Amino acid sequence: MRKTQKEMRYLTGFMETGASATRVAALVWGRDEDGGDLTFKQDDIDLLVEHQDHRGPWANTPHLQLKEGYGQPLLCLSVSDRNKELLLNSKGFM
Amino acid sequence: MLCAESSKVGREEYQRASLLLGEMSAFEPVGVGGAIFCTDAPNIEDVWLAPGSEMALLIAKDPGAWTRDDARTAAANLTPWAPLYAPGLPVTTSQTPKAEMDCALTACSEPFGNPGMDPSRECGGKFIPAARLMLDMLRAGEFDDQPEPLVCGAWQFMAWTQFVQTGGFQAAMLEAGFLDVAMAWLARYNPMERIGTKLHVPATILHAVGDWLATAPADLDVVGPLMEAGVVDLAIETLAAYKMLGRPQDANVLTVQYGALELLDTLLRSPEAEPVKSKLRSAGTDAFRYVLDHPLVIITGKETHLLRCHFMLKNEHFTKTGSGRT
């Protein structure tokens, strides 16, 4: 039962624009201290972490296998102190 | 009618009936979604599989020997899809007895190319000549005076035939001018026309570009051609139009995903990332904050173990063939 619920969480939002938008935003503004011009919200980060999770369905998609570049958005976010806090607050990130 | 043998429903009538289905899909996508995925009457799979039909004859024919009329027949067969994807499959499959993901997988079993990336259906370069023919017809203006659903069908053909992993399909299409023709066609529409769901051609062109990009092998230079084509400005215009529209429910999800986010995601991981970042920063953050706060869904994938199995299968195939982009 627990496994089913977990899989369901990973498998929702398969192809939607939210995680894609956060990924792009992280690549552009993610390193900025204090969010820079674009302030990330906890929800943005949670969605990104969920989609970047190598245990989730995205890891099984051919275009997002765990390869070079896969973790770039998360890496960018981890440079900024404020965004780093959001990452650490995100369940599953560690 | 679309399942009837060709002796009863010939080419011209088949094309007209297919086009009518496309027109109906644009008019009432939820109703057509319910009909083509139904389980108590002939559905879209029956159309593809009916023996002796005009479709069966076309599928049996070598795509390298297709005529222009064959290409129009293939395009006619693909007319219903663009309106079904425009608001996202959760909307347009809401009246079907099948689960949404089953509908998505059904669509992946269409006969031209291999959009489901099923290793057993890998067709390599088989459809390259047909795709080039379709591209030549689009470039030469042979679709200019055709009904909008037929034009969508032509671009849908360009999208779904890309889904192969061997045969150099994506390189062949790039060499044939695929990106140039796509951008020339897109230039016919302003950003608000592209973002809306009243016209389906621009989103279907972007769908084709997105599928080309997603399936291009890692050793094919896509970044140079994309930059040269001016897709950064296109993406910024798309995001601005989405915000200006102000009604996410009236926006075409394919335009947002393929006409902005997928393009930027590719370029921002490339050697051209810095100039792209500069342009995005100069454009401001309002439009980006809006797209973050107003996500759209193409497929939710809630139905699940099927999806996981499907992509695990694909992944295995990619691993074996060493293809696919990061």
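Protein chains in written order, with the working numbering: chain C, 1 to 94; chain B, 95 to 420. For every residue, glycine included, the Cβ atom is placed at its ideal position computed from N, Cα and C. These numbers were taken from a predicted model, which means no experiment stands behind them.
Exposed unless 16 or more other CB atoms sit within 10 angstroms - verdict on residue i
i       : result
V141(B) : buried
N89(C)  : exposed
S20(C)  : buried
T420(B) : Residue confidence is low: T420(B) scores 30 on pLDDT, short of 50, so the model does not pin down where it sits. Its coordinate-derived value is still stated next. The residue in question, T420(B), is exposed, as its Cβ has fewer than 16 Cβ neighbours within 10 Å.
Q264(B) : buried
M267(B) : buried
G127(B) : buried
R363(B) : buried
F121(B) : exposed
T200(B) : buried
D239(B) : exposed
P369(B) : exposed
R383(B) : buried
T398(B) : Note that T398(B) scores 44 on pLDDT, short of 50, meaning its location in the model is unreliable and no value can be drawn from it.
M94(C)  : exposed
E16(C)  : buried
E331(B) : buried
L77(C)  : buried
R2(C)   : Note that R2(C) has pLDDT 32, beneath the 50 cutoff, so the model's placement of it is unreliable and no number is given.
T161(B) : exposed
D344(B) : exposed
A297(B) : buried
E148(B) : buried
T360(B) : buried
Rounded straight-line distance, which links the Cα of residue j to that of residue i
i       : j       : result
Q43(B)  : K102(B) : Residue 43(B) lies beyond the stretch modelled for chain B, which goes from 95 to 420, so this question has no answer here.
A193(B) : A168(B) : 27 Å
T133(B) : P191(B) : 7 Å
T186(B) : L151(B) : 30 Å
L333(B) : S80(C)  : 25 Å
W434(B) : H301(B) : Nothing can be reported for residue 434(B): it is not among the residues displayed for chain B, which extend from 95 to 420.
M321(B) : L96(B)  : 43 Å
N83(C)  : L48(C)  : 12 Å
E107(B) : L357(B) : 40 Å
R375(B) : T349(B) : 21 Å
G262(B) : A270(B) : 12 Å
M338(B) : S214(B) : 45 Å
P389(B) : L314(B) : 31 Å
Q72(C)  : A165(B) : 42 Å
P365(B) : A129(B) : 47 Å
H63(C)  : M211(B) : Bear in mind that the predicted position of H63(C) carries a pLDDT of just 46, short of 50, making it unreliable; the figure below should be weighed with that in mind. Spanning the two alpha carbons is a distance of roughly 12 Å.
G318(B) : Q42(C)  : 35 Å
L386(B) : V124(B) : 27 Å
E50(C)  : V258(B) : 29 Å
E236(B) : V295(B) : 15 Å
F131(B) : M228(B) : 27 Å
V325(B) : N284(B) : 14 Å
G290(B) : A278(B) : 19 Å
A180(B) : N346(B) : 5 Å
T22(C)  : G30(C)  : 9 Å
Whole-Å CB distance - residue i paired with residue j, under 8 Å assumed
i       : j       : result
L355(B) : V28(C)  : Not quite, the Cβ-Cβ distance comes to about 12 Å (not below 8 Å), so this is no contact.
I45(C)  : L75(C)  : Actually they are not in contact, since the Cβ atoms of I45(C) and L75(C) sit about 13 Å apart, beyond 8 Å.
L178(B) : I393(B) : About 11 Å separates the two Cβ atoms, so there is no contact after all.
L328(B) : V275(B) : At roughly 15 Å, the Cβ-Cβ gap does not stay under 8 Å, so L328(B) and V275(B) are not in contact.
E99(B)  : G146(B) : 4 Å
R288(B) : G340(B) : Not a contact, Cβ separation roughly 16 Å.
C202(B) : P209(B) : 5 Å
P243(B) : G116(B) : 3 Å
Under the three-state DSSP convention, the category residue i falls into
i       : result
V391(B) : strand
A248(B) : helix
K155(B) : coil
M211(B) : coil
A345(B) : strand
M267(B) : helix
M195(B) : helix
E16(C)  : strand
G290(B) : strand
R282(B) : coil
E99(B)  : coil
L43(C)  : Going by the sequence as given, residue 43(C) is Asp instead of Leu. It is helical.
F382(B) : helix
K371(B) : helix
L307(B) : helix
F121(B) : helix
E322(B) : helix
L64(C)  : Because L64(C) sits at a pLDDT of 45, beneath the cut-off of 50, its placement in the model cannot be relied upon, and the point is left open.
T360(B) : helix
F272(B) : helix
The ligand FAD heavy atom lying under 7 Å from the CB of residue i
i       : result
G182(B) : For the ligand FAD, the structure offers nothing, since it holds no ligand at all.
Open item on the list: Would you call the segment 102-121 of chain B in contact with the segment 160-176 of chain B, where contact means no fewer than 3 C-beta pairs closer than 8 Å?
Closed with: Yes: the two stretches touch, three or more of their Cβ pairs being nearer than 8 Å.
Task: Cβ contact (3+ pairs, closer than 8 Å) linking the segment 250-261 of chain B and the segment 304-315 of chain B - done: Output reads yes: the segment 304-315 of chain B touches the segment 250-261 of chain B.
- [ ] Flag this pair as touching only if the segment 155-166 of chain B and the segment 216-227 of chain B have three or more C-beta atom pairs under 8 Å; answer yes or no.
- [x] A contact exists between the segment 155-166 of chain B and the segment 216-227 of chain B.
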